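**Student:** Handing you a structure now.
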Ligand SMILES: Cc1cc2nc3c(=O)[nH]c(=O)nc-3n(C[C@H](O)[C@H](O)[C@H](O)COP(=O)(O)OP(=O)(O)OC[C@H]3O[C@@H](n4cnc5c(N)ncnc54)[C@H](O)[C@@H]3O)c2cc1C
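Dropping the structure here:
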């Protein structure tokens with residue numbers, strides 16, 4: 017493979033551009049912290065380290081903001097009352113603050129707080145989980161009782177009599193490609209060196225730190241942050257991760273003149289249907305160039321494990337679309353159930369569906385960030401801040417014991 021190694025800087029439009037193209041880094045290149053994988057978590061770590069004045073190099077196997085990993089598809093749901101774990105709220109809140117600060121610095125919003133509805137039975141994960149997280153973090157969510165929900169959101173069909181919603185007003189949408197490019201631009205502005213289109217083939221832990229082997233050169237560092245998304249297990253073996261192929265779909269209203277599914281009227285949502293199926297999504301915005309997005313939760317059986325190097329990137333009408341189309345027709349009959357657009361993405365599931373952020377076995381040379389389990393983007397900036405703090409030995413701004421990458425092996429040893 018011909019690796020082209022590029023130093024990336026920002027441009028006024030916010031797109032990463034090549035300021036300098038070098039044939040290869042010096043052999044070996046040396047740095048203090050090496051960040052491998054510049055998607056959601058890695059690009060944010062690079063930014064937060066560079067802002068601290070740390071000597072940091074980032075390596076990305078594809079281009080910045082590419083569509084081959086987990087961080088593409090224009091939008092991601094952003095929530096701060098996180099049903100997945102109460103410990104996540106402080107991380108999402110930190111992302112909110114960091115993205116607002118960076119977005120206003122770059123003149124480009126990285127977050128749109130248009131709200132999110134968590135809909136279902138009172139004891140369902142969307143409703144009970146969101147309320148628990150809001151209580152734990154003191155967040156101002158609003159309960160919307162069944163009758164008001166049905167009247168205000170007539171797009172929702174088949175609401176069971178006890179189904180209600182919790183509105184998280186701080187929630188909304190974030191923008192994966194735009195945010196990754198913004199992180200890289202901010203990092204480059206603070207002196208980070210970035211090599212894109214460069215794959216790390218192997219990472220060796222040495223007596224003094226780490227050595228990463230690329231096709232053309234070695235990069236030597238005191239420590240590495242490995243944030244290679246679906247490929248995390250390829251560079252750091254032994255982590256209990258399962259990459260899953262997860263297609264992403266956009267839809268249109270049945271009536272092209274129907275405005276009921278614009279983002280303003282059809283905000284972001286997670287909805288548990290009466291039979292336990294879970295859909296998530298948000299309305300369209302013509303100005304921002306995105307359609308109605310709807311997806312189904314994996315629930316352990318809706319998607320399949322994949323080798324990220326072999327993932328099937330084609331969309332199969334029956335295998336990929338038929339089930340989701342049927343669910344959309346049941347839940348939102350005003351939407352044409354045949355998707356207008358699709359792309360293939362990947363998530364990387366951990367056994368407890370929480371991320372892995374920290375030093376495996378306490379190793380001073382290595383930090384991992386991954387196991388996103390399909391809900392990581394909203395936390396990217398907050399996790400980048402945690403990774404930077406870990407790398408320089410600062411106390412993290414919130415407790416991250418529940419994300420310890422060694423928690424699974426520790427459990428096995430306890431038995
Ligand atoms: C369909 C779908 C919907 C989702 N919806 C939401 C949502 O609504 N809200 C939300 O918060 N989250 C959501 N997520 C999850 C979120 O997108 C992920 O948690 C997040 O993008 C994971 O980021 P990451 O940094 O782990 O991986 P990535 O962003 O994929 O970054 C990993 C990077 O490492 C690079 N890399 C890999 N191997 C190497 C190597 N050997 N050398 C150099 N570079 C390498 C890759 O090219 C990639 O750029 C969704 C995910 C999917 C797939």
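Residue numbers (my numbering): 17 to 431. The beta-carbon is built from N, C-alpha and C at its ideal position, and this holds for glycine as well. From a predicted model like this one, the values you see are computed outputs, not experimental measurements.
For the alpha helix (DSSP H) containing residue 144, list its first residue and its last residue.
**Tutor:** Premise fails: residue 144 is in no alpha helix (DSSP H) and is neither H nor E.
**Student:** Can you have a look at residue 203 and say buried or exposed, based on whether 16 or more other CB atoms are within 10 angstroms of its CB?
**Tutor:** buried
**Student:** Using the C-alpha atoms, what's the distance from residue 321 back to residue 414?
**Tutor:** 32 Å
**Student:** Grab me the residues of residue 212's own chain with a C-beta within less than 6 Å of its C-beta, minus the 5 sequence neighbours each way, in chain order.
**Tutor:** 22, 76, 79, 80
**Student:** Relative to the alpha-carbon of residue 194, which residue among 168, 139, 242, 128 has its alpha-carbon at the smallest distance?
**Tutor:** 128
**Student:** Which of helix, strand or coil does DSSP assign to residue 373?
**Tutor:** strand
**Student:** Below 8 Å between beta carbons: does that hold for residue 228 and residue 61?
**Tutor:** no
**Student:** Let me confirm a value: residue 288 is counted as buried when at least 16 other C-beta atoms fall within 10 Å, else exposed. Which label applies?
**Tutor:** buried
**Student:** For residue 363 and residue 260, which I take to be in contact (beta-carbon distance under 8 Å), what is that distance rounded to the nearest angstrom?
**Tutor:** Contact holds; Cβ gap of about 5 Å.
**Student:** Kindly identify the DSSP beta-bridge partner or partners of residue 394.
**Tutor:** Residue 394 is not bridged to any residue.
**Student:** To the nearest angstrom, how far is it from the Cα of residue 351 to the Cα of residue 317?
**Tutor:** 25 Å
**Student:** If you compare alpha carbons, which of 44, 83, 423, 161 is closest to residue 257?
**Tutor:** 423
**Student:** How long is the line joining the alpha carbons of residue 192 and residue 126, rounded to whole angstroms?
**Tutor:** 9 Å
**Student:** Are the beta-carbon atoms belonging to residue 57 and residue 382 less than 8 Å from one another?
**Tutor:** no
**Student:** Whose CA, out of 302, 151, 409, lies closest to the CA of residue 103?
**Tutor:** Among 302, 151, 409, the Cα nearest to that of residue 103 is on 151.
**Student:** Return helix, strand or coil for residue 346, following the three-state DSSP convention.
**Tutor:** Note: residue 346 maps to helix in three-state DSSP.
**Student:** Here's a check: name, in chain order, each residue in its chain whose Cβ is nearer than 6 Å to the Cβ of residue 90, leaving out the five neighbours to either side.
**Tutor:** 306
**Student:** Examine ligand 1 and report whether any of its heavy atoms sits within less than 7 Å of the Cβ of residue 368.
**Tutor:** no
**Student:** In this structure, how does DSSP classify residue 176 when only helix, strand and coil are distinguished?
**Tutor:** coil
**Student:** Quick one, which of 115, 335, 232, 97 has its alpha-carbon nearest residue 196's?
**Tutor:** 115
**Student:** Please report the distance separating the alpha-carbon of residue 416 from that of residue 370.
**Tutor:** 11 Å
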